[in-house]
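Colleague:
Numbering (this note's numbering), first residue to last: 58 to 432.
1) Confirm, please, whether the CB-CB distance from residue 133 to residue 149 is below 9 Å.
2) Near residue 256, what residues of its chain come up, given a Cβ to Cβ distance below 6 Å and the 5 sequence neighbours on each side ignored?
3) If you follow the beta strand (DSSP E) that residue 323 is part of, which residue opens it and which one closes it?
4) Report the option in 408, 339, 270 and 273 whose CA atom is closest to the CA atom of residue 304.
5) Give me, in chain order, the residues of the same chain whose beta-carbon lies closer than 6 Å to that of residue 309; leave out the 5 immediate sequence neighbours on both sides.
6) Consult DSSP for residue 246 and reduce its assignment to one of helix, strand or coil.
7) Could you give the uninterrupted runs of the beta strand (DSSP E) lying entirely in the segment 198–261, keeping only those of 3 residues or more?
8) By DSSP, does residue 403 sit in helix, in strand, or in coil?
9) Would you kindly work out how many angstroms separate the C-alpha atoms of residue 411 and residue 116, rounded to a whole number?
10) Would you decide whether residue 131 is buried or exposed? Buried here means 16 or more other CB atoms lie within 10 Å of its CB.
11) At 3 residues or longer, what runs of the beta strand (DSSP E) sit wholly inside the segment 292–358?
12) Taking three-plus beta-carbon pairs below 8 Å as touching, is the segment 326–335 in contact with the segment 284–301?
13) My understanding is that residue 198 touches residue 174, with C-beta atoms under 8 Å, so please give their C-beta distance in whole angstroms.
14) Grab the span of the beta strand (DSSP E) containing residue 159 for me, first residue to last.
15) Is DSSP giving residue 143 helix, strand or coil here?
16) At the level of alpha carbons, what is the spacing between residue 356 and residue 334?
17) State the Cα-Cα distance for the pair residue 216 and residue 233, rounded to the nearest angstrom.
18) Looking only at C-alpha atoms, which of 140, 262, 187 and 315 sits nearest to residue 402?
19) For a test of the three-state rule: what should DSSP assign to residue 414, helix, strand or coil?
20) Are residue 394 and residue 361 touching if we call contact CB-CB under 9 Å?
21) Measuring only the C-alpha atoms, how far is residue 88 from residue 98?
22) Does the separation of the CB atoms of residue 166 and residue 157 fall below 9 Å?
23) Within the continuous beta strand (DSSP E) that includes residue 269, where are the two ends?
24) Quickly, what does DSSP pair residue 170 with across the bridge? List them, please.
25) Does residue 108 come out as helix, strand or coil in the three-state DSSP assignment?
26) Work out the CA separation of residue 406 and residue 124 for me, nearest whole Å.
27) Would you mind giving the Cβ-Cβ distance between residue 241 and residue 252, rounded to the nearest angstrom? I have them listed as a contact below 8 Å.
28) Report the CB separation of residue 420 from residue 109 in whole angstroms; it is logged as a contact under 8 Å.
29) Just curious, the beta strand (DSSP E) that residue 472 is in, first and last residue?
30) When the Cα atoms are used, what is the spatial distance from residue 349 to residue 336?
31) Using the C-alpha atoms, what's the distance from residue 106 back to residue 295?
Here it is in C-alpha cells:
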C-alpha cells in the first residue's frame with residue numbers, strides 16, 4: 058500500500074504536489090475569514106511571515122535566549138545558553154515531562170508533566186518555575202488561534218480537553234475513538250485543526266469553534282505512527298511525520314482526502330519551518346539524520362547526518378534562523394545544527410529521555426503551542 062502512495066518518493070520527489078513559492082513578508086489586506094477573535098492573517102500566501110528573524114514581539118524582546126529541554130526520565134528541565142552551548146540550570150518538575158510549550162500570549166512556558174498530571178509554569182524572563190497546575194494526562198498542549206482555549210492532548214485518556222487558556226479549568230472534554238492523540242496544526246483561518254493519533258495510525262479533523270471532531274481518517278499503511286503536524290506556508294497542505302512509514306503524509310486539510318506519501322528516512326518525527334518559509338527541517342530519529350524539504354521546489358533537497366549518529370527528535374529553530382536545535386531522545390543529549398550547512402555545532406549532555414525542547418524566545422505574534430508554533 059505504501060509503494061502505491063509513494064511512487065518516485067525514494068528520490069524525494071512528488072511532482073503532483075503543488076505549493077506556491079513563499080513571498081517576502083508584508084502586511085496585506087486580510088482576505089481570510091478567520092475564527093472570531095483570531096489575529097488577522099497578515100499574508101495569506103505565507104502563514105509564517107511573522108516569524109522572520111528579528112520580528113520579536115514586544116512581549117518577549119527582553120527575555121534571555123534559552124533552550125529548555127524536558128527530560129522525561131529524569132523529571133527535570135535542562136536550561137541551555139545557546140550562545141555558549143553550556144547548561145546553566147536544571148529545574149525539577151513533575152513526572153515524565155514531555156514538552157515545553159509557549160503560551161498563546163507568549164508570557165509563560167508550560168512544562169507538560171504527563172504522568173505527573175500537571176503543568177509546571179516557567180517564567181521565561183527569570184527562568185524560574187512556578188507552582189504546578191493540576192491537569193490530567195497532558196502529553197502535549199496547543200492553543201486555539203483566538204487565544205481562548207488551551208487544548209490538552211490527553212493521549213492515554215483518549216480525549217481532547219479544551220481548557221481556559223489562563224486558568225486551565227476544563228471547558229469541554231471531547232472523547233476520541235482513536236489512540237494516542239499527540240500533535241496538531243491549525244488551518245489558515247483557524248476554524249479547524251488536524252490531529253495525529255500515534256497508536257492507531259489515524260488523523261482527526263476538529264472544528265475549533267464547536268470543539269467537535271468532524272472527520273477522521275485511517276492512514277493507508279499498516280502500523281502507521283503519525284507524529285508531528287505542520288501546515289505549508291501557503292496553507293494548502295498539511296505534512297504529517299510518520300516514524301513507522303519513515304516519511305511524510307501530505308494531506309489536503311480542507312477536503313480531508315486520501316494523503317500522499319513522501320519517504321524521508323527511518324523514524325521520521327519532527328517538522329520545523331525555516332525563518333524564510335522556504336524549507337522544512339525533518340528529523341529522522343531512527344537513523345540520526347535531518348532531511349530538508351524545499352517548498353518552492355516541492356521536493357527533498359538535502360540530508361544531513363549527525364556525526365556518530367544519534368536520535369534527533371523534537372525541537373525548534375533559533376530566533377535568527379541560523380541554528381536548528383533538536384533533542385537526542387535516546388542519547389541524553391541535545392544537538393545544535395547549522396541550518397545553512399547541516400554541520401553539527403554542538404552536542405550537549407542533558408538528562409535522560411530529552412523530548413520536546415523549546416527554543417525561546419522566537420519571532421511571532423502568538424503561539425499555537427507544542428514546542429513553538431508561531432504565527
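Idealized CB from N, CA, C, for every residue including glycine. Only a predicted model underlies this, so the values are computations on that prediction, with no experimental measurement involved.
Modeller: Taking the structure as given:
1) One-based indexing of the chain shown puts residue 149 at position 92. One-based indexing of the chain shown puts residue 133 at position 76. In this structure, residue 133 lies closer than 9 Å to residue 149 by Cβ.
2) In the chain shown, counting from the first residue as 1, residue 256 sits at position 199. Once the five neighbours on either side are set aside, the close Cβ partners of residue 256 are 236 and 237.
3) Indexing the chain shown from 1 puts residue 323 at position 266. Per DSSP, residue 323 is not a residue of any beta strand (DSSP E), being assigned neither H nor E.
4) As a first step, residue 304 must be located in the chain shown, where it is residue number 247. Looking at the Cα atoms, 339 is the closest of the given residues.
5) Within the chain shown, residue 309 is the residue found at index 252, counting from 1. Within the same chain, residue 309 has no close Cβ partners at all.
6) Locating residue 246 in the chain shown gives position 189, counting from the first residue. Residue 246 falls in the coil class under three-state DSSP.
7) If we require 3 residues or more, the beta strand (DSSP E) runs fully inside the segment 198–261 come out as 206–211, 216–221, 227–232, 238–243 and 249–254.
8) By 1-based counting over the chain shown, the position of residue 403 is 346. Correct three-state label for residue 403: strand.
9) Translated into positions along the chain shown, residue 411 becomes position 354. Translated into positions along the chain shown, residue 116 becomes position 59. Rounded to whole angstroms, residue 411 to residue 116 spans 28 Å at the Cα level.
10) Numbered from 1 along the chain shown, position 74 holds the residue referred to as residue 131. When all chains shown are included, residue 131 counts as buried.
11) Fully enclosed beta strand (DSSP E) runs of 3 or longer: 295–299, 304–308, 317–320, 325–330, 336–341 and 346–351.
12) Taking one beta carbon from each stretch, the segment 326–335 and the segment 284–301 have 3 or more pairs nearer than 8 Å; the two touch.
13) By 1-based counting over the chain shown, the position of residue 198 is 141. By 1-based counting over the chain shown, the position of residue 174 is 117. Not really, about 13 Å apart at Cβ, beyond 8 Å.
14) Residue 159 sits at position 102 when you count from the first residue of the chain shown. From DSSP, the beta strand (DSSP E) with residue 159 extends over 154–159.
15) Against the chain shown, residue 143 aligns to sequence position 86. In this structure, residue 143 counts as strand in the three-state DSSP scheme.
16) In the chain shown, counting from the first residue as 1, residue 356 sits at position 299. In the chain shown, counting from the first residue as 1, residue 334 sits at position 277. Taking the straight line from one Cα to the other gives about 14 Å.
17) For this step, residue 216 is matched to residue 159 along the chain shown. For this step, residue 233 is matched to residue 176 along the chain shown. So the alpha carbons of these two residues sit roughly 5 Å apart.
18) In the chain shown, the residue the question calls residue 402 occupies position 345. When only C-alpha atoms are compared, the closest one is 140.
19) Locating residue 414 in the chain shown gives position 357, where the first residue counts as 1. If DSSP states are grouped into helix, strand and coil, residue 414 belongs with coil.
20) Here residue 394 refers to the residue found at position 337 of the chain shown. Here residue 361 refers to the residue found at position 304 of the chain shown. Between residue 394 and residue 361, the CB-CB gap stays under 9 Å.
21) Translated into positions along the chain shown, residue 88 becomes position 31. Translated into positions along the chain shown, residue 98 becomes position 41. For residue 88 and residue 98, the distance between alpha carbons rounds to 8 Å.
22) As a first step, residue 166 must be located in the chain shown, where it is residue number 109. As a first step, residue 157 must be located in the chain shown, where it is residue number 100. Residue 166 is a Cβ neighbour of residue 157, given a cutoff of 9 Å.
23) To locate residue 269, count along the chain shown from 1; it is residue 212. Start and end: 269–275.
24) Position 113 of the chain shown, counting from 1, holds the residue named residue 170. In the DSSP assignment, the residues bridged to residue 170 are 154 and 175.
25) One-based indexing of the chain shown puts residue 108 at position 51. Looking at residue 108 - three-state DSSP - the assignment turns out to be helix.
26) Locating residue 124 in the chain shown gives position 67, where the first residue counts as 1. Locating residue 406 in the chain shown gives position 349, where the first residue counts as 1. Our two residues, residue 124 and residue 406, have alpha carbons roughly 13 Å apart in a direct line.
27) As a working note, residue 241 is residue 184 in the chain shown. As a working note, residue 252 is residue 195 in the chain shown. Confirmed, about 5 Å.
28) Taking the chain shown and counting its residues from 1, the one referred to as residue 420 is at position 363. Taking the chain shown and counting its residues from 1, the one referred to as residue 109 is at position 52. Beta-carbon to beta-carbon, residue 420 and residue 109 are separated by about 6 Å, close enough to satisfy the 8 Å threshold.
29) As displayed, the chain neither begins before 58 nor continues past 432, which places residue 472 out of reach and without an answer.
30) Indexing the chain shown from 1 puts residue 349 at position 292. Indexing the chain shown from 1 puts residue 336 at position 279. Taking the straight line joining both Cα atoms gives about 7 Å.
31) Mapped onto the chain shown, residue 295 falls at position 238. Mapped onto the chain shown, residue 106 falls at position 49. Their backbone Cα atoms lie some 17 Å apart in a straight line.
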